[in-house]
Ligand SMILES: Cc1cc2nc3c(=O)[nH]c(=O)nc-3n(C[C@H](O)[C@H](O)[C@H](O)COP(=O)(O)OP(=O)(O)OC[C@H]3O[C@@H](n4cnc5c(N)ncnc54)[C@H](O)[C@@H]3O)c2cc1C
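In my numbering, the protein residues as written are 1 to 273.
What follows is the structure, encoded as structure tokens:
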């Protein structure tokens with residue numbers, strides 16, 4: 001984070017949100033960027049279509065990827081570093097780079113807070129222990145945000161604040177137990193347009209064929225609708241959106257529902273435009 005120069009060749013260990021975000025940034029700064037990922041796709045938690053479409057975009061920008069590759073050793077050499085990777089098939093390879101970005105997990109910066117002096121308990125990774133009301137083990141001391149562990153999102157931290165505020169100031173008894181945490185992947189809109197066009201088309205054609213043959217329409221219900229609407233908002237590019245999952249025995253009813261979905265999508269697009 002304190003870099004004073006652009007890395008000539010950055011190796012990002014981990015092909016998830018942070019590795020890709022920083023990788024793309026440095027790639028756009030003109031650096032060579034290689035990403036090493038243990039699983040078979042970037043963003044292993046995402047739908048394969050999403051990963052595929054982003055991979056397309058990132059490779060087009062010039063980033064390189066090593067999948068099914070586990071880093072086993074890193075060594076300093078005169079002009080940078082060498083990273084040994086072991087492939088899923090057992091083969092090994094050594095990558096040479098100048099800088100290494102470790103983007104494979106998160107740890108809290110809690111070790112230098114002197115928590116022990118206040119008697120505040122942490123778990124073995126340093127996250128501050130708390131109950132559902134966000135109280136620590138020390139009465140009167142509360143915890144919120146990333147440092148308490150769990151999903152690390154801005155909206156989670158904000159909701160933590162609302163819970164604590166209600167408990168502390170409004171005398172309520174709110175808890176984060178069973179809280180539903182919405183989740184989203186944010187990307188540059190330009191990354192998703194070409195791939196989403198393709199996926200939309202595939203879903204549309206597939207859905208239409210299924211309506212004709214079985215009276216069943218299963219249209220691509222992946223990230224496409226969200227990405228399409230977001231992209232439309234950002235770019236005002238109109239290329240269509242028709243997404244629904246309908247499982248019906250009667251073709252006529254299916255056709256009516258499909259028509260209704262198309263009208264709704266049309267209205268959404270008009271609104272977005
Ligand atoms: C690259 C990146 C991209 C992200 N993208 C997203 C995203 O798209 N959407 C999303 O929802 N979340 C995203 N996150 C996660 C999100 O940033 C965090 O979940 C959120 O910032 C947590 O808020 P917080 O208040 O708990 O901690 P922070 O935002 O980290 O704030 C903690 C603050 O405390 C300060 N501090 C630390 N130690 C001390 C000390 N000893 N004394 C005084 N001050 C101190 C720090 O300087 C900092 O300002 C991203 C995170 C990263 C790293």
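Even glycine gets a Cβ: it sits at the ideal position worked out from N, Cα and C.
Report task. At 4 residues or longer, and completely inside the stretch 95-135: list those alpha helix (DSSP H) runs for me, N to C. Result -> 115-118
Requested in this report: Could you pull out every unbroken beta strand (DSSP E) segment of at least 3 residues lying fully inside the stretch 55-93, listed in chain order?
Outcome: 64-66, 69-77, 80-87
Query - residue 75 CB to nearest heavy atom of ligand 1 below 7 Å - result: Residue numbering aside, residue 75 sits at position 75 when the chain shown is read from its first letter. No, ligand 1 has no heavy atom inside 7 Å of this Cβ.
Query raised in the report: Any chance the CB of residue 354 is under 7 Å from a heavy atom of ligand 1?
Result: Because the chain in this structure spans residues 1 to 273, residue 354 falls outside the shown range and cannot be described.
Query raised in the report: In the structure shown, what three-state DSSP assignment does residue 157 receive?
Result: Within the chain shown, residue 157 is the residue found at index 157, counting from 1. Here residue 157 sits in helix by DSSP.
Query - Environment of ligand 1 in chain order, Cβ to heavy atom below 7 Å - result: 17, 18, 21, 22, 109, 112, 113, 144, 145, 146, 147, 152, 153, 154, 155, 156, 157, 186
Report task. Tell me whether the beta-carbon of residue 100 lies closer than 8 Å to the beta-carbon of residue 83. Result -> Taking the chain shown and counting its residues from 1, the one referred to as residue 100 is at position 100. Taking the chain shown and counting its residues from 1, the one referred to as residue 83 is at position 83. Against a cut-off of 8 Å, the Cβ pair of residue 83 and residue 100 comes out as a contact.
Query raised in the report: If you drop the 5 nearest sequence neighbours on each side, which residues of the same chain put their C-beta closer than 8 Å to that of residue 34?
Result: The residue given as residue 34 occupies position 34 in the chain shown. Taken in chain order, the residues that qualify are 9, 10, 11, 12, 63, 64, 65, 66, 95, 97.
Query raised in the report: Do you know offhand how far residue 247's Cα is from residue 183's?
Result: Residue 247 sits at position 247 when you count from the first residue of the chain shown. Residue 183 sits at position 183 when you count from the first residue of the chain shown. Residue placement at residue 247 cannot be trusted, given a pLDDT of 45 that sits under 50; what the coordinates show is reported in the next sentence. Rounded to the nearest angstrom, the two C-alpha atoms are 27 Å apart.
Query - Whole-number beta carbon distance between residue 174 and residue 163, since they are thought to touch under 8 Å - result: What you label residue 163 is simply residue 163 of the chain shown in a count that begins at 1. What you label residue 174 is simply residue 174 of the chain shown in a count that begins at 1. Contact holds; Cβ gap of about 5 Å.
Query raised in the report: Got a sec? Which residues, its chain only, sit under 6 Å from residue 93 by beta carbon, not counting five neighbours each side?
Result: Position 93 of the chain shown holds residue 93. Answer for residue 93: 85, listed in chain order.
Query raised in the report: Within 10 angstroms of its Cβ, does residue 165 collect 16 or more other Cβ (buried), or is it exposed?
Result: Here the question's residue 165 lines up with position 165 in the chain shown. It counts as exposed.
Report task. Identify whether residue 32 lies in helix, strand or coil by the three-state DSSP scheme. Result -> Against the chain shown, residue 32 aligns to sequence position 32. Three-state result, residue 32: strand.
Query raised in the report: What three-state label does DSSP hand residue 18 in the structure shown?
Result: To locate residue 18, count along the chain shown from 1; it is residue 18. It is helical.
Query raised in the report: For the beta strand (DSSP E) that contains residue 13, what are its first and last residues?
Result: Counted from its first residue, the chain shown places residue 13 at position 13. Note, residue 13: beta strand (DSSP E), 9-13.
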